[in-house]
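Numbering (the UniProt record's numbering), first residue to last: 1 to 162.
Beta carbons: idealized from backbone N, C-alpha and C, even for Gly.
Since we're looking at a predicted model, the values are computed, not measured.
Have a look at the structure below, then the notes.
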Amino acid sequence: MRGLAYQTFYRLPGPMRRRVARMVAPKFLVGAVTVLRDSETNSRLLLLRQPSHHGWGLPAGLLKKNEQPAAGAARELFEETGVRVHPDDMTARDPCAIVHVVGVVDTIFFAEVPEARTTLAVDGAEVLEAAWFPMDDLPHLTVNTALLLGRFGIGPRATTPR
1 MRGLAYQTFY RLPGPMRRRV ARMVAPKFLV GAVTVLRDSE TNSRLLLLRQ PSHHGWGLPA
61 GLLKKNEQPA AGAARELFEE TGVRVHPDDM TARDPCAIVH VVGVVDTIFF AEVPEARTTL
121 AVDGAEVLEA AWFPMDDLPH LTVNTALLLG RFGIGPRATT PR
């Protein structure tokens with residue numbers, strides 16, 4: 001039965017195959033998250049407080065259509081904090097992406113800037129506050145942020161198994 005379905009599918013013209021695939025394939029939103037550390041001490045982390053979240057989180061947002069993940073991470077970082085990092089300076093780590101149960105895939109990037117020479121600028125609407133925190137003394141984090149950082153050995157859930 002499955003073989004017959006594939007034979008029929010592959011006989012369809014290309015545009016029709018793409019439509020069928022889009023209809024039956026799972027749909028995901030793709031986002032980019034940046035873990036920004038202080039390059040001078042490597043022990044401080046930039047976090048944001050947003051009106052829609054309970055706790056501090058990381059700079060993040062959804063990718064635009066056809067946007068490369070590192071470029072999206074750099075864009076979101078700038079939009080939310082005023083900090084400019086070139087996409088080539090965004091480093092993917094393992095895991096480089098996390099699939100959430102709500103149909104969102106977050107790509108994860110690490111970057112570093114010197115805190116002492118970095119001016120933070122938030123808009124007060126999307127982001128209420130941005131601040132640097134020692135990695136061994138982080139404020140109350142959102143659940144997703146705590147879990148994500150824990151995968152990289154940072155924060156209160158660093159010892160939580162994956």
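8 angstroms or more divides the Cβ of Gly82 from the Cβ of Leu62. By the Cβ-count criterion, Pro15 is exposed, with fewer than 16 other Cβ atoms from all chains shown falling within 10 Å of its own Cβ. Shown here, Thr118 sits in coil according to DSSP, grouped into three states, outside any helix or strand. When secondary structure is reduced to three states using DSSP, Pro59 falls in the coil class, being assigned neither helix nor strand. When the Cα atoms are used, Glu112 and Phe152 turn out to be separated by approximately 15 angstroms.
Ranked by Cα distance from Ile98, the options Met90, Thr107, Glu67 are led by Thr107.
DSSP places Val105 within a strand segment (E or B) once states are collapsed to three. Check the Cα spacing between Gly155 and each of Thr118, Met135, Glu115, Thr142: the tightest is with Met135. The residues Phe109, Phe110, Ala111, in chain order, have a CB closer than 8 angstroms to that of Thr91 in the same chain once the five nearest residues on each side in sequence are set aside.
Pro59 is positioned such that its CB atom lies no closer than 8 angstroms to that of Leu29.
In this structure Phe133 touches Leu45 by the C-beta definition: roughly 6 angstroms separates them, less than 8 angstroms. If you ignore the 5 residues before and after Thr145, its C-beta comes within less than 6 angstroms of the C-beta of Gly57, Leu58, all in its own chain and listed in chain order.
For Gly124, the number of other beta carbons within 10 angstroms of its own is below 16, and it is reported as exposed. Asp38 counts as buried, since at least 16 other C-beta atoms from the protein chains shown sit within 10 angstroms of its C-beta. In chain order, Ala111 place their CB closer than 7 angstroms to the CB of Asp89, counting only its own chain and leaving out the 5 sequence neighbours on each side. Residues Leu48, Thr81, Leu120, Val122 of the same chain have their beta carbon placed closer than 6 angstroms to that of Ala130, with the five preceding and five following residues left out of the count.
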